[in-house]
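Let me begin by presenting the structure, written as structure tokens, before commenting on it.
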Amino acid sequence: MNDRMNYHHEQHSPSHQWIVVLVAFDDPEVEPRVIKERLEMHEDPKLAAFIRGGELIDVIESDNEELAELERAVFEKKCLR
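Below is the structure:
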């Protein structure tokens, strides 16, 4: 890869990703919800979902919050409503 191509690649490689997580508990007092979270690319999506108390639903491997919100809303509508 020449310097120009390498610079172009670095400019377009996302530094962050988004995860969509289903957070649900067996406790009827806690309402299930679907959340989205922004992570750095080096972070483990499955571990991040686990830490948030949920199940990983989707990984958006770009720093695109609009797409992450769309995915979150679609899953929420399909499964929780």
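Quick note on numbering: numbering that gives the first Met the number 0 labels position 21 of the sequence shown as 20, and the sequence is numbered without any gaps.
C-beta atoms are modelled at their ideal positions from N, C-alpha and C, and glycine is treated no differently.
- Per DSSP, V58 is one residue of the beta strand (DSSP E) stretching across G53 to I59.
- Straight-line measurement puts the Cα of E68 at about 21 Å from the Cα of S12.
- DSSP places E75 inside the alpha helix (DSSP H), whose first and last residues are E64 to L79.
- Excluding sequence positions up to five before and after F74, its CB lies within less than 8 Å of the CB of V19, L21, V33, I56 and D57, all in the same chain and listed in chain order.
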